[in-house]
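Okay, so here's the structure we're looking at.
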Amino acid sequence: LMRRMFSSPVSDTIHRRRGALKDLFQNLRRRRAHFYDGALDGKYEGWPAYAGALVVSGLAVGVRAGLGSIIGDRAAFAVFAPGILFSAILGGVGPGLVAVILSTLLAVGLSAPFPSLAETSGVAFVYALIGGLIVWMGETLRSMRRRASDAELQLDRREEQIRSIFSTVPDAAIVIEKSAAPLPAAP
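Under the numbering used here, think of the first position of the sequence shown as 744, with each following residue one higher.
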């Protein structure tokens with residue numbers, strides 16, 4: 744009632760817009776979580792992951808070009824690292840390594856010329872090594888997510904089995920596993 748007394752068309756419009764923005768951000772948060780879960784579950788494996796590696800490498804070139812005067816030549820690889828991780832999470836080792844190769848070539852190519860071939864090779868090697876470690880971390884994350892998902896599915900199946908046993912037996916029951924260890928049971 745108090746709110747209605749002091750409301751005006753402007754405050755009502757602002758309140759509606761705030762609500763719409765809140766809904767928009769919640770929707771984006773849900774979509775981001777859905778995309779992330781799909782990526783970790785392998786939904787984007789294959790050519791979409793390789794295309795993603797190409798796209799994020801291209802985006803990194805744009806960011807690098809825009810920030811060139813700010814970050815300098817020696818930090819050229821820093822803008823490529825998130826794209827490598829994204830590619831590795833999205834598609835695994837293959838797309839991650841594609842992103843590493845592209846990023847290394849582009850980072851070295853966008854840097855100021857090095858005085859010698861040995862220095863250029865050394866920088867490229869360090870970039871590739873760091874990129875390989877990033878790919879390994881992304882693949883580790885993917886495999887841990889898959890194991891957790893498999894364990895959750897197995898747990899759900901086991902729970903359903905126990906529920907069906909208890910629903911068919913009216914009296915108390917003890918379920919013994921193959922290892923002969925009794926499971927805690929309640930009627």
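A virtual CB, placed ideally from N, CA and C, is assigned to each residue, including glycine.
Residue i versus residue j: straight-line alpha-carbon distance, rounded
{"i": "A891", "j": "G874", "result": "26 Å"}
{"i": "P858", "j": "S830", "result": "32 Å"}
{"i": "E788", "j": "L828", "result": "15 Å"}
{"i": "I832", "j": "L896", "result": "21 Å"}
{"i": "V912", "j": "D893", "result": "29 Å"}
{"i": "W879", "j": "L797", "result": "19 Å"}
{"i": "S910", "j": "R888", "result": "33 Å"}
{"i": "K765", "j": "P856", "result": "49 Å"}
{"i": "W790", "j": "T883", "result": "21 Å"}
Nearest candidate by alpha-carbon position, reference residue i, set the options
{"i": "Y793", "options": "A808, S812, G837, I814", "result": "G837"}
{"i": "G881", "options": "A850, I905, V843, A867", "result": "V843"}
{"i": "Y870", "options": "S812, G805, A818", "result": "A818"}
{"i": "K786", "options": "R885, S812, D899", "result": "R885"}
Coil, strand or helix - residue i by DSSP
{"i": "F829", "result": "helix"}
{"i": "S892", "result": "helix"}
{"i": "A861", "result": "helix"}
{"i": "V878", "result": "helix"}
{"i": "V912", "result": "coil"}
{"i": "K765", "result": "helix"}
{"i": "A818", "result": "coil"}
{"i": "F823", "result": "coil"}
Residue range of the unbroken alpha helix (DSSP H) whose run includes residue i
{"i": "V841", "result": "836-853"}
{"i": "V798", "result": "790-814"}
Rounded Cβ spacing between residue i and residue j (contact assumed at less than 8 Å)
{"i": "G795", "j": "G834", "result": "7 Å"}
{"i": "A808", "j": "I814", "result": "Wrong, their Cβ atoms sit about 11 Å apart, outside the cutoff."}
{"i": "V851", "j": "A867", "result": "5 Å"}
{"i": "S864", "j": "A803", "result": "In fact, because the Cβ distance is near 22 Å, the residues do not count as touching under 8 Å."}
{"i": "S800", "j": "L853", "result": "Actually they are not in contact, since the Cβ atoms of S800 and L853 sit about 12 Å apart, beyond 8 Å."}
{"i": "I877", "j": "A824", "result": "6 Å"}
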